[in-house]
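Report on the structure given below.
Residue numbers (our numbering): 16 to 954.
See the structure below:
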């Protein structure tokens with residue numbers, strides 16, 4: 016038995032003239048002579064084939080007049096898109112390169128590595144072009160892996176490893192249905208950290224191609240930092256792709272093997288990072304001295320470096336400033352790209368352009384046709400050290416801002432299983448949107464140092480804190496808003512469906528409701544302004560007014576979308592899971608839903624009239640046949656048989672007009688020429704309608720993308736509202752107060768509390784004992800006391816309160832006045848870094864040295880038991896030297912906990928105390944601990 020494929024394949028074997036007079040519309044089971052009867056074809060159906068006996072094939076090839084033109088060629092069975100013996104499938108502009116590729120493939124075929132088929136050639140060439148990647152090739156409704164890589168893929172995914180047999184032998188093979196691609200991408204890319212290359216088929220819905228002529232191309236290179244709209248992505252997590260550009264001189268040093276390590280000093284670099292799923296784009300100047308801190312803050316899923324560093328990476332070199340070694344230690348997924356930027360431009364501007372070029376070209380390489388539009392130079396956010404509080408990597412970990420030090424919970428590949436429970440983020444978060452939660456994370460890891468920006472946020476928090484009803488209504492409305500920038504980003508990548516377009520319109524309407532609710536509360540007509548002023552709340556009212564006025568109108572966008580989409584059709588567009596046999600009918604059902612309003616397009620109106628006319632003809636044909644042959648007769652469309660007639664077994668239909676193709680217990684299925692022809696016209700009309708609706712959807716997506724800057728500005732305001740409402744709710748729930756910030760270097764906290772420790776105690780029905788900090792005349796406090804006396808908690812709580820205040824949140828205290836802090840440093844806890852060959856003492860010294868190098872007079876430093884990892888006298892010497900340097904050279908606010916009472920005598924207790932120094936000790940008491948001054952002797 017031989018299976019004949021679609022018409023284009025039949026033409027290749029010279030059978031067009033012979034079979035052209037006998038169009039084949041269904042697949043036959045019968046082997047009788049009646050199987051040769053004429054049946055109109057089911058048009059536009061790639062899956063419908065015909066099976067006839069070998070003896071029934073014509074014995075000669077005929078021309079257009081039916082005359083013999085020679086013996087029939089040998090027939091080859093048509094498989095999944097390949098024909099054996101073709102070595103010329105890959106076309107290259109470089110003749111020499113093409114010849115080399117052909118020779119390499121021929122060598123592989125001769126060695127028995129791959130079979131000699133067109134599909135094998137495609138797979139083999141892509142295998143060589145992407146040697147370190149997982150290659151998945153679409154073949155029909157499956158993604159498949161072949162040959163040697165199939166063994167690895169099967170082991171990673173747990174799919175069944177089988178084999179395919181060709182003339183040259185048997186080769187490994189595995190695969191899975193295309194609708195499961197998200198599931199396996201999550202496993203391979205997010206969980207295991209692999210890069211996956213997707214080779215997909217190119218399809219034309221109006222002109223279906225035979226399997227042997229289907230073209231395939233690399234549609235996407237999926238890396239951890241280029242995930243776009245996968246269904247399993249969590250909206251509250253940012254997935255940053257970070258590009259790092261270094262100065263040309265240091266890159267040349269790296270190529271020459273002269274890249275220095277940590278002791279070589281600072282190397283200028285520039286960072287450009289983006290979340291491709293939301294369109295967020297940031298740039299920032301930096302140096303290798305700060306890069307570990309920036310990596311901890313940004314937490315990128317992937318880092319892109321200049322391709323000139325590839326060989327140094329492979330050779331295991333440290334790279335300029337020790338950057339490559341640091342990336343290895345952190346386990347970050349590293350990729351390389353050509354910057355193609357003009358290296359002649361000096362300074363930060365040149366480095367910034369290089370970093371942006373690296374990021375852009377890596378995205379183009381990975382996303383290809385799905386590459387979203389990038390923001391213009393004036394649209395991305397330039398971050399600056401002068402406007403952000405710098406929190407180093409050790410402090411982020413020690414203060415447990417995002418992750419706790421205790422294990423628990425699972426995160427992605429190459430990172431430790433850290434718990435989010437008990438962190439500052441978990442205690443403070445009351446956000447109700449994914450985008451608001453992402454903003455909260457960014458804010459806590461990089462608070463502002465701008466007094467105006469901090470006070471503006473605090474005023475908004477205060478206004479919402481005082482208006483419980485308004486806060487509750489706004490949070491309820493915010494919950495209904497989707498993550499609009501993820502939708503816009505899908506549109507920028509020419510993805511997204513009509514439901515997404517409608518969600519954009521609903522989001523805009525939801526934002527308008529927020530504005531109306533705020534207007535209602537503050538009374539923009541002026542009647543309530545005087546009352547607010549009398550109550551001492553004019554600042555909060557003014558801030559609410561500013562927020563309302565900052566939202567830009569998008570009424571025209573909503574009107575355009577609502578005028579195009581019929582909302583009543585939308586619920587039916589939810590795609591249900593179907594098996595392979597139902598796919599064809601699902602496509603038709605989806606096309607028939609007609610989600611666009613009739614007046615949106617003249618072309619669509621004409622196509623709908625045409626389909627309605629054909630549908631009426633179908634109804635008339637069915638009625639006529641029922642009158643002639645019995646009421647049980649039904650015209651239907653089967654995914655397996657195409658357009659057929661179904662009737663009860665008792666209603667026998669005449670064989671000269673109806674050709675039986677299948678039988679069941681109570682029914683028979685027939686092919687009928689007139690219904691097959693009408694069905695083909697319906698298929699054609701539905702296909703044209705699908706293309707027309709796709710064009711209409713593209714217009715609507717373009718309409719949204721055109722207004723993307725305005726949507727993004729409004730989305731940022733909505734996120735700010737969610738963040739401040741979250742701060743206000745936390746202040747209400749946890750009894751926080753508004754801090755006062757100024758330009759001084761004072762730090763005064765009355766009855767401060769540690770947020771996370773207090774939450775843990777409250778869960779046990781226990782009360783936190785508050786404690787105060789007063790840094791005005793003195794800026795270096797030396798604290799002693801017994802173990803478990805609260806020294807470490809006191810140190811950490813002071814730093815956390817400073818971070819919260821500059822994030823724009825209320826703080827856990829009775830009152831707080833804080834001079835702006837530019838950097839927060841900590842050296843607390845005992846830990847080591849064995850991977851980098853650093854003992855506990857070595858790590859303590861490295862972190863201490865970094866603090867002394869980087870702290871400024873506006874910094875806040877907390878240090879816990881410096882020098883404890885060595886002998887008594889050496890430890891005292893190290894601790895004193897550290898304190899002495901801070902006093903003489905830095906002059907920053909410092910809390911220094913120690914068990915070395917000798918330090919008090921060395922710093923002047925009992926004699927002339929050095930300026931700026933104060934001494935305290937903790938004391939265990941029932942219900943908490945107190946503060947006392949140590950004895951003059953320092954004992």
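Yeah, the Cβ is synthetic: ideal placement off N, Cα and C, and Gly gets one too.
By alpha-carbon distance to residue 583, the top candidate from 883, 610 and 707 is 610. Assignment of beta-bridge partners to residue 798 by DSSP yields 912 and 935. Residue environment: residue 535 is assigned as exposed (fewer than 16 neighbouring CB atoms within 10 Å of its CB, all protein chains considered). Going by beta carbons, residue 772 and residue 808 fall inside the 9 Å limit. The C-beta of residue 667 has fewer than 16 other C-beta atoms within 10 Å across all chains shown, which makes the residue exposed. In chain order, 475, 533, 732, 735 and 736 place their CB closer than 8 Å to the CB of residue 562, counting only its own chain and leaving out the 5 sequence neighbours on each side.
Here residue 129 is not near residue 188, since their CB atoms are 9 Å or more apart. Relative to the Cα of residue 312, the nearest Cα in the group 457, 724 and 538 belongs to 457.
As the crow flies, the alpha-carbon of residue 712 is around 43 Å from that of residue 555. Fewer than three Cβ pairs drawn from the segment 745-756 and the segment 409-418 lie within less than 8 Å of each other, which leaves the two stretches out of contact. In the three-state DSSP reduction, residue 298 falls in the strand class (E or B). About 6 Å separates the beta carbon of residue 235 from that of residue 383, a gap short enough to meet the 8 Å contact definition.
Contact between the segment 784-796 and the segment 859-869 is not established, with fewer than three Cβ pairs separated by less than 8 Å. Residue environment: residue 803 is assigned as exposed (fewer than 16 neighbouring CB atoms within 10 Å of its CB, all protein chains considered). Under the three-pair Cβ rule at 8 Å, the segment 365-375 does not count as touching the segment 324-334. In the three-state reduction of the DSSP assignment, residue 742 falls in the helix class, which pools H, G and I. Looking only at 171, 242, 491 and 158, the smallest Cα-Cα distance to residue 213 is reached by 158. Comparing C-alpha distances from residue 896 to each of 334, 243 and 922 shows the shortest one belongs to 922. If you ignore the 5 residues before and after residue 492, its C-beta comes within less than 7 Å of the C-beta of 525, 528, 529 and 532, all in its own chain and listed in chain order.
Ranked by how close their Cα comes to the Cα of residue 297, the residues 371, 353 and 396 have 396 in first place.
In this structure, DSSP gives residue 367 a helical state, which the three-state scheme calls helix. Bounds of the alpha helix (DSSP H) holding residue 169 are 162-172. Within the same chain, 149 and 203 come within 6 Å of residue 209 by CB-CB distance, once the 5 residues on both sides are set aside. Going by C-alpha positions, residue 339 is about 41 Å away from residue 717.
Membership of residue 652 in the beta strand (DSSP E) is indicated by the continuous run 649-653. Taken through DSSP and simplified to helix, strand or coil, residue 192 comes out as strand.
Between residue 316 and residue 240, the CB-CB gap stays under 9 Å. Around the CB of residue 123, 16 or more other CB atoms lie within 10 Å, so the residue is classed as buried. Boundaries cannot be given for residue 323, as no beta strand (DSSP E) includes it and DSSP labels it neither H nor E. Following the DSSP letters along the chain, one finds residue 153 inside the beta strand (DSSP E) bounded by residues 149-154. A direct Cα-to-Cα measurement between residue 404 and residue 460 gives close to 8 Å. Rounded to whole angstroms, the separation of the alpha carbons of residue 435 and residue 902 is 37 Å.
Comparing alpha-carbon positions, the option among 690, 409 and 260 lying closest to residue 352 turns out to be 260. In the three-state reduction of the DSSP assignment, residue 688 falls in the helix class. Around the beta carbon of residue 683, 16 or more other beta carbons lie within 10 angstroms, which makes this residue buried. Unbroken beta strand (DSSP E) runs of no fewer than 3 residues, entirely contained in the segment 654-717, are found at 657-663, 673-678 and 682-687, following chain order.
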